[in-house]
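Asks: In our numbering, the protein residues as written are 13 to 482.
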């Protein structure tokens, strides 16, 4: 492509060989003038090369997102926030998309900044949603000139190329306003009441030792927020869509939940192994409509030979996540949402991603090698808590059009039913959500009251970040 070499991989063996076994030379990122240079000034962890600073930043994030910490420290957070998700769905079902966004945002806000998101109206959530939209637009194919491949294009007046520099600056300013405001809120709270248990506090406690600048810390925390917020919400939206399109799956999952949990309590993480079909629903959601259908590209830092072919230094390597997830030899009738694709394979994503048995890997949504998502343990739990509880509490059905009296058509095709860009999310669609029983309603109300009394207050002591809406 242009003056460079681009490789798209859909072969599991070669992916394992190149991106895992040769991770020391395949963990760079291709040049990204817009995202890495113009928007984040070189501090976007996802887009950084495999440098000592990147390894330090990844380590700082990873140590708060280990599997043991997710189970020991974050389990109560998952339980409490998912109960509010149920309450929100119960009282305002038509805004289900916003409830999914609030849920995913609040979990990562608590973990990163020690500040929860009680409502979708929280100013940081509204600002983040605006940024996600702006970022998605500027990353759409053709939205900016291919300056990474043809650097001379940056010298052409931007008015001839869609004012791409001006639009990049708009995203830059919005990103720095939000991430800077959140870090300032943490610094103010630290001065007033001291540190709390969250990523931003711990990084600030170690900033002198780590040598990270204020800008490094601001972007590290902010990028973690964005990455942990919009991907979970997008995946959950695809889950809801699948329940409407494949109602038999919903009924089978609910039958399993009812047999294990009953209706007098809400599912908890310790139920995971007892509900293999629900675990398979989670995996099938990530397979069926992956949020990043081409993953995030790697770049080679040295020449590499793969199967007798030379890949020169600088080669950009894409993993064809969509192709892998819709490989008919692995997933027959691959466009059908069928959790039985994972029958007998319900171990968590990290176990398969780190296994030498590449043929048995469940999905490729979390990346490869040294670029494996540091939030893999958290993301698995985010999805399971939400999906298991939503299935326990509600029935999801297509809505009836009041004008025609017919069911509203549901578009599940990626060509017309999903947003374009590096990440994939369904366009909003109507959904009828009904509580499954009065007993379940009362359990939700009881558990929410307990969370409001005993858990949420630790994340709601101060309200420091209140930027004025533009």
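Glycine included, C-beta positions come from ideal geometry on N, C-alpha and C.
Taking its Cβ as the centre, do 16 or more other Cβ atoms sit within 10 Å of residue 167, making it buried, or is it exposed?
Replies: Translated into positions along the chain shown, residue 167 becomes position 155. Label assigned to residue 167: exposed.
Asks: What do you get for residue 296, buried or exposed, if any count of 16 or more other CB atoms within 10 angstroms of its CB means buried?
Replies: For the purposes of this step, residue 296 is identified with residue 284 of the chain shown, where counting begins at 1. Buried: at least 16 other Cβ atoms inside 10 Å.
Asks: Which term fits residue 66, buried or exposed, when burial requires 16 or more other beta carbons within 10 angstroms of its beta carbon?
Replies: The count along the chain shown starts at 1 and reaches residue 66 at position 54. Burial state of residue 66 is buried, judged by a 10 Å Cβ sphere holding 16 or more other Cβ atoms.
Asks: Near residue 387, what residues of its chain come up, given a Cβ to Cβ distance below 6 Å and the 5 sequence neighbours on each side ignored?
Replies: In the chain shown, residue 387 corresponds to position 375, counting from 1. So the qualifying residues of the chain are 77 and 240.
Asks: Compare the beta carbon distance of residue 331 and residue 26 with 7 Å and say whether it is the shorter of the two.
Replies: Taking the first residue of the chain shown as position 1, residue 331 is located at position 319. Taking the first residue of the chain shown as position 1, residue 26 is located at position 14. The answer is no: Cβ separation not under 7 Å.
Asks: Can you name the start and end residues of the alpha helix (DSSP H) that residue 145 belongs to?
Replies: On the chain shown, position 133 is the one that residue 145 refers to. Element bounds for residue 145: 135-150.
Asks: Pull up the DSSP beta-bridge partners for residue 430, would you.
Replies: Position 418 of the chain shown, counted from the first residue, corresponds to residue 430. For residue 430, which the question treats as bridged, DSSP gives the partners 438.
Asks: Residue 172: buried (16+ other C-beta within 10 angstroms of its C-beta) or exposed?
Replies: For this step, residue 172 is matched to residue 160 along the chain shown. By the neighbour-count rule (16 or more Cβ atoms within 10 Å), residue 172 is not buried but exposed.
Asks: Hey, could you find the ends of the alpha helix (DSSP H) residue 466 is sitting in?
Replies: Counting from one through the chain shown, the residue named residue 466 turns up at place 454. Counting along the chain, the alpha helix (DSSP H) containing residue 466 begins and ends at 450-466.
Asks: Out of 181, 303 and 420, which one is the CA nearest neighbour of residue 437?
Replies: In the chain shown, the residue the question calls residue 437 occupies position 425. Residue 437 has its Cα closest to that of 303, out of 181, 303 and 420.
Asks: What are the boundary residues of the beta strand (DSSP E) that includes residue 51?
Replies: In the chain shown, residue 51 corresponds to position 39, counting from 1. Note, residue 51: premise wrong, no beta strand (DSSP E); not H, not E.
Asks: Hey, is the segment 254-273 in contact with the segment 77-86, meaning 3+ C-beta pairs nearer than 8 Å?
Replies: No, the segment 254-273 does not touch the segment 77-86.
Asks: Report yes or no: is there a C-beta of chain B within less than 7 Å of the C-beta of residue 224?
Replies: The structure shown contains no chain B; it is built from a single protein chain.
Asks: Could you tell me which whole alpha helix (DSSP H) segments of length 4 or greater appear in the segment 253-313?
Replies: 259-272 and 288-300
Asks: Nearest to residue 100 by CA position, among 131, 439 and 90, is which residue?
Replies: As a working mapping, residue 100 is identified with position 88 in the chain shown. With distances taken between Cα atoms, residue 100 lies closest to 131.
Asks: Just curious, the beta strand (DSSP E) that residue 447 is in, first and last residue?
Replies: Position 435 of the chain shown, counting from 1, holds the residue named residue 447. Where residue 447 is concerned, the enclosing beta strand (DSSP E) stretches over 444-447.
Asks: Does DSSP classify residue 27 as helix, strand or coil?
Replies: Residue mapping note: residue 27 aligns to position 15 of the chain shown, counting from 1. Residue 27: helix per DSSP, three-state reduction.
Asks: If the criterion is Cβ atoms closer than 7 Å, does the pair residue 251 and residue 399 meet it?
Replies: Taking the first residue of the chain shown as position 1, residue 251 is located at position 239. Taking the first residue of the chain shown as position 1, residue 399 is located at position 387. Yes; because the gap between Cβ atoms is below 7 Å, this pair is in contact.
Asks: Taking its Cβ as the centre, do 16 or more other Cβ atoms sit within 10 Å of residue 322, making it buried, or is it exposed?
Replies: Reading the chain shown from its first residue, position 310 is the one you call residue 322. Per the 10 Å Cβ criterion, exposed.
Asks: The beta strand (DSSP E) that contains residue 322, what's its start and end?
Replies: Reading the chain shown from its first residue, position 310 is the one you call residue 322. That run of the beta strand (DSSP E) goes 321-323.
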